[in-house]
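These notes are about the structure you will find just below.
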Amino acid sequence: MAGAMVELEHVSKRFVKSLDIAEKIVNTFGGKLKEQVVHAVDKVDLAVNDGEVVGLVGESGCGKSTLGRVIAGIHAASDGVVRFRGRDITEMSSAEAKEWALQVQMIFQDPMSSLNPRLRVREIIGEAAQYHGLASADTLDDYVDEMMLRVGLEPSFKRRFPHQFSGGQRQRIGIARALAVRPSFLVCDEAIAALDVSIQAQVINLFMRLREDLGLTYLFISHDLGVVEHLSDRVVIMYLGRVVETAPTEALFKEPNHPYTVALLGEVPRIDNRGRKFTPVKGEIPSPIDPPAGCHFHPRCPHAMEKCRMSQPILREIAPGRYSACHLNEQS
Amino acid sequence: MADSQPTLSVEDLKTYFFTKGGVARAVDGVSFSISRGEVMGLVGESGSGKSVTGFSIMGLVDPPGEVVSGRILFQGENLVGADDERMRELRGSRVAMIFQDPMMTLNPVLRIDTQMIEAVQAHEKVDRRTAFERSRDALGQVGIPSPEERLSAYPHQFSGGMRQRVAIAIALLHQPELIIADEPTTALDVTIQGQILFEVQKLCRERGMSLIWITHDLAVVAGLADKICVMYSGRIVETGAIDDVLDGPLHPYTKGLIGSVPSHNKRGEVLAQIPGMAPSLLDVPSGCAFHPRCPRADEACRRQPELYAPVQPGHQVRCIHPHLEPA
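Quick mapping for you: the protein sequence lines, in order, are chains A and R. Residue numbers 2 to 333, in my numbering, belong to the letters of the first sequence in order. Residue numbers 1198 to 1524, in my numbering, belong to the letters of the second sequence in order.
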């Protein structure tokens, strides 16, 4: 446990839908069409320490997947600095950048759309490892066997194609492929959301075992608070592109601070919560194209005041290690 | 409930699919009943036959699938073998279904008002104005703001949660006595799921509507249902009042399912996982279908156990070695 493995400073990611030719023509005749800009990630600061499991929670459209992709290097950040082991990734030499790309691996929600259906499992898992010189042509078979055993797959299945496996097994193939390049940091984007309950438990246990065996660091992106609570050391809650609260898992679940976190925790269905009276949060998640001014959550917030409509609350420390972005904290 | 006759009673229902690879016994001898105003959770993993049970009740099983035996008694009337004419009368007016994906229910090229008015007029001879008002009120009931304006929108102009509300509103148009909901909140966000559960719960309480909630998520059922049926490989393996089943599961599969859900007091611990995976319906293990994955299985499990109530009436289990010791 030393230093931040990945650090984000004021990272933003915008997606711009530029005007097509018809719209440009409309504008030359005095139309007032504007480019649509989605602020998927809006000035996020985040640090993931070595060996830590950070849960990133939010509802659809809050930018959690985009943030995961920025960290994994799939998207470039529009603004801000991403540092890996203290090095700004835009200033890395090509050798460093390659090392970074191997160290950070991503596991996706739907294994069927992230595995090449025409490759055998042996190629899927072994291809990258061979290319990067982690295994030679002679040792590749042993190497793939080792990876398959590690994630609980039968090595004799390595000549099969992805469609010959069940959903849970496919997800294991995806994990084995990520592990094959010996990463230190895994970004799991809803990695267990598509699996059946009993298979989910198997994969959760696998993630925990791998963490112990290989000392991995995780960013675990999920909408499922139960799973995040189970796995994470620290939880980050996002709403419409902004981080609204971050806290150690136990503290967050015991005493959520931000009204959105409170609402979210209230909605989590739990087995020991019978015949309950549902008291839903009002309203929809606003469109990220046109987010509400001030605090993004104010139209749905039961405590919203005049100030929340005007100015954006900043993320401030409310207790050691706990941060929350809410105007309510400034009063007391 | 006070009514002596249950709203729906399913007796020994068998729905098989005759495929090239063999006969898939998707539903293999399922029995349960629901009283007025009761909410039943039908829980199982993919391929357990929970959705096919719902489709069988609605008469929506298409070839190669077929309801081969059993009875489905809706208000005393047997729906198995009922002709298409009769089923069409019942479907949508007295029994309705809500699907996981609302785009399955909604026609993407028609406006919401067209679809809803059509649904009203399909079962009742009313003029367009009345049908329009009924549709508007139904949308209002499921919590859609400014329903009058929203009626003239197309399905793609709604968010996922709103579309599911529209689908629920259509199901409610004729005040059905029974609603079958097939994983309606699985694709939705937590706060939106909470809103839908709130509306559904309110409607059941106010109208005495019976509800079958089909899901894989025990936690959702825990908050909503009065009783629960757990399915595995086409059979009900455990059924009973929600508290009895979740607090004292008898079947090793139910116990395993409950153990695999992360909860407050187990943070960071290894979850009690069920080894292996659900068998293919074309190749169901003989005897108790769960025995290859079961920690308590022995020779005796090679024959098929019957549903019985070892502890208290109403809490039935299909297992030779149930968990009788206190949890």
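Even glycine gets a Cβ: it sits at the ideal position worked out from N, Cα and C.
Valine 1397/R versus aspartate 80/A: straight-line alpha-carbon distance, rounded: Stepping through the second sequence from its first residue, residue 1397/R is reached at position 200. Stepping through the first sequence from its first residue, residue 80/A is reached at position 79. Answer to the nearest angstrom: the Cα atoms are 44 Å apart.
is_contact[isoleucine 1531/R, chain A] using C-beta, thresh 8 Å: The question about residue 1531/R has no answer, for chain R in this structure spans 1198 to 1524.
Chain-ordered chain C contacts of glutamate 230/A [CB-CB under 7 Å]: In the displayed structure, chain C is absent; the protein chains listed are A and R.
Buried or exposed (CB count within 10 angstroms, at least 16 for buried), valine 1220/R: The residue labelled residue 1220/R in the question sits at position 23 within the second sequence. It counts as exposed.
Interfacial residues, the segment 183-213 of chain A to chain R, with Cβ spacing under 7 Å: Listed by position, the residues of the segment 183-213 of chain A near chain R (Cβ gap below 7 Å) are Asp197, Val198, Ser199, Ile200, Gln201, Ala202, Gln203, Ile205, Asn206 and Met209.
Alanine 1419/R: contacting residues in chain A (beta-carbon distance under 9 Å): Here residue 1419/R refers to the residue found at position 222 when the second sequence is read from its first residue. Under the 9 Å cutoff, chain A gives Pro270, Arg271, Ile272, Asp273, Asn274, Arg275, Gly276 and Arg277.
Members of the segment 1381-1410 of chain R near chain A, C-beta cut-off 8 Å: Per Cβ criterion, the list reads Asp1386, Val1387, Thr1388, Ile1389, Gln1390, Gly1391, Gln1392, Leu1394, Phe1395 and Gln1398.
Contact under 8 Å by Cβ, valine 27/A with leucine 34/A: On the first sequence, position 26 is the one that residue 27/A refers to. On the first sequence, position 33 is the one that residue 34/A refers to. In contact: valine 27/A and leucine 34/A (Cβ atoms closer than 8 Å).
Contact with chain A by alanine 1223/R, beta-carbon distance below 8 Å: As a first step, residue 1223/R must be located in the second sequence, where it is residue number 26. Taking Cβ atoms only, chain A never reaches closer than 8 Å to alanine 1223/R, which makes this a no.
The segment 1283-1297 of chain R touching the segment 1367-1383 of chain R, judged by at least three CB pairs closer than 8 Å: A contact exists between the segment 1283-1297 of chain R and the segment 1367-1383 of chain R.
Contacts around glycine 1405/R, its chain only, beta-carbon distance under 6 Å, and the 5 residues preceding and following it disregarded: The residue you call residue 1405/R lines up with position 208 of the second sequence. Shown here for glycine 1405/R: same chain residues with a beta carbon closer than 6 Å to its own, the five before and five after excluded, namely Arg1233 and Gly1234 in chain order.
Under the three-state DSSP convention, the category threonine 29/A falls into: As a position in the first sequence, residue 29/A is number 28, starting the count at 1. Threonine 29/A sits in a helix when the DSSP states are folded into three classes.
Distance, valine 42/A Cα to glutamate 1208/R Cα: Translated into the one-based positions of the second sequence, residue 1208/R becomes position 11. Translated into the one-based positions of the first sequence, residue 42/A becomes position 41. Those two C-alpha atoms are separated by around 54 Å.
Among Ala1328/R, Pro1352/R, Gln1318/R and Ala1364/R, nearest to valine 1339/R - alpha-carbon criterion: Along the second sequence, one-based indexing puts residue 1339/R at 142. Of the residues Ala1328/R, Pro1352/R, Gln1318/R and Ala1364/R, the one whose Cα lies closest to the Cα of valine 1339/R is Ala1364/R.
Supposed contact pair methionine 148/A and alanine 181/A - C-beta distance, whole angstroms, cut 8 Å: The residue given as residue 181/A occupies position 180 in the first sequence. The residue given as residue 148/A occupies position 147 in the first sequence. Separation of the CB atoms of alanine 181/A and methionine 148/A is rounded to 5 Å, and the pair is thereby assigned contact status at 8 Å.
Short CB-CB distance (under 8 Å) between valine 282/A and chain R: On the first sequence, position 281 is the one that residue 282/A refers to. Output row for valine 282/A: interface = yes.
Buried versus exposed call for glutamate 36/A [16 or more other C-beta atoms within 10 Å across all chains shown]: Taking the first sequence and counting its residues from 1, one reaches residue 36/A at position 35. Counting the other Cβ atoms within 10 Å of the Cβ of glutamate 36/A gives fewer than 16, which makes it exposed.
Integer Cβ distance of histidine 224/A from valine 49/A, believed to fall under 8 Å: Locating residue 224/A in the first sequence gives position 223, where the first residue counts as 1. Locating residue 49/A in the first sequence gives position 48, where the first residue counts as 1. That pair is no contact at about 19 Å.
Selected residue, minimal CA-CA separation from leucine 1408/R, among Thr1436/R, Glu1374/R and Ile1433/R: Counting from 1 along the second sequence, the entry for residue 1408/R is found at position 211. Out of Thr1436/R, Glu1374/R and Ile1433/R, Glu1374/R has the C-alpha closest to the C-alpha of leucine 1408/R.
Proximity test, Cβ basis, 8 Å: leucine 68/A and chain R: Counting from 1 along the first sequence, the entry for residue 68/A is found at position 67. Proximity of leucine 68/A to chain R, defined by a Cβ-Cβ separation below 8 Å, is not satisfied.
Best match in Pro1489/R, Gln1470/R and Pro1305/R for proximity to histidine 1353/R [C-alpha to C-alpha]: Position 156 of the second sequence, counted from the start, is the residue given in the question as residue 1353/R. Distance check between histidine 1353/R and each of Pro1489/R, Gln1470/R and Pro1305/R places Pro1305/R closest, using alpha-carbon atoms only.
Contacting residues, own chain, Cβ-Cβ under 8 Å from valine 1434/R (five flanking each side not counted): For this step, residue 1434/R is matched to residue 237 along the second sequence. The answer, listed in chain order, is Val1427, Met1428, His1448, Tyr1450, Thr1451, Phe1487, Val1514, Arg1515 and Cys1516.
Reference glutamate 1503/R, options Ser1332/R, Ser1228/R and Arg1268/R, closest by Cα: Your numbering for residue 1503/R matches position 306 in the second sequence. Ranking the options by Cα distance to glutamate 1503/R, first place goes to Ser1228/R.
Neighbour flag for histidine 224/A against chain R, beta carbons, 8 Å: One-based indexing of the first sequence puts residue 224/A at position 223. Interface residue (Cβ-Cβ distance to chain R less than 8 Å): histidine 224/A is classified as such.
Glutamine 37/A - containing beta strand (DSSP E), residue span: Along the first sequence, read from residue 1 onward, the residue named residue 37/A stands at position 36. Per DSSP, glutamine 37/A is one residue of the beta strand (DSSP E) stretching across 37-50.
Where histidine 11/A sits in the DSSP three-state scheme: For the purposes of this step, residue 11/A is identified with residue 10 of the first sequence, where counting begins at 1. Here histidine 11/A sits in strand by DSSP.
Beta-carbon neighbours of glutamate 1242/R, restricted to chain A and to distances below 7 Å: In the second sequence, counting from the first residue as 1, residue 1242/R sits at position 45. Per Cβ cutoff of 7 Å: Asp197, Val198 and Ser199.
Cutoff 8 Å: serine 1356/R Cβ touching any chain A Cβ: Along the second sequence, read from residue 1 onward, the residue named residue 1356/R stands at position 159. Serine 1356/R has a beta carbon lying within less than 8 Å of a beta carbon in chain A.
Whole-Å CB distance - aspartate 234/A paired with valine 54/A, under 8 Å assumed: Reading the first sequence from its first residue, position 233 is the one you call residue 234/A. Reading the first sequence from its first residue, position 53 is the one you call residue 54/A. 5 Å between Cβ atoms; contact.
Residue-level contact to chain A via CB, methionine 1474/R, 8 Å cutoff: The sequence position of residue 1474/R within the second sequence is 277, counting from 1. By this cut-off, methionine 1474/R is an interface position.
Distance, arginine 1268/R Cα to histidine 304/A Cα: The residue labelled residue 304/A in the question sits at position 303 within the first sequence. The residue labelled residue 1268/R in the question sits at position 71 within the second sequence. Near 54 Å, if we compare the C-alpha coordinates of arginine 1268/R and histidine 304/A.
Close beta carbons around glutamate 10/A, own chain, < 7 Å, minus the five adjacent residues each side: Locating residue 10/A in the first sequence gives position 9, where the first residue counts as 1. Same-chain partners within the cutoff: Asp46, Gly81 and Val82.
Under 9 Å (Cβ pairs) to chain A, residues found in the segment 1413-1440 of chain R: For the segment 1413-1440 of chain R, which is checked against every Cβ of chain A, the residues closer than 9 Å are His1413, Asp1414, Leu1415, Ala1416, Val1417, Val1418, Ala1419, Gly1420, Leu1421, Ala1422, Asp1423, Ile1439 and Asp1440.
Helix, strand or coil at alanine 1199/R [DSSP, three-state]: Counting from 1 along the second sequence, the entry for residue 1199/R is found at position 2. Because alanine 1199/R sits at a pLDDT of 45, beneath the cut-off of 50, its placement in the model cannot be relied upon, and the following sentence gives the value as read from the coordinates. Three-state result, alanine 1199/R: coil.
Closer than 7 Å at the beta carbon, the chain A residues around valine 1481/R: Here residue 1481/R is taken as the residue at index 284 of the second sequence, counted from 1. None at all; the shortest Cβ gap to chain A is about 16 Å.
Option in Ser167/A, Arg151/A and Gln165/A with minimal Cα separation from arginine 178/A: As a working mapping, residue 178/A is identified with position 177 in the first sequence. For arginine 178/A, the closest alpha carbon among the candidates Ser167/A, Arg151/A and Gln165/A is that of Arg151/A.
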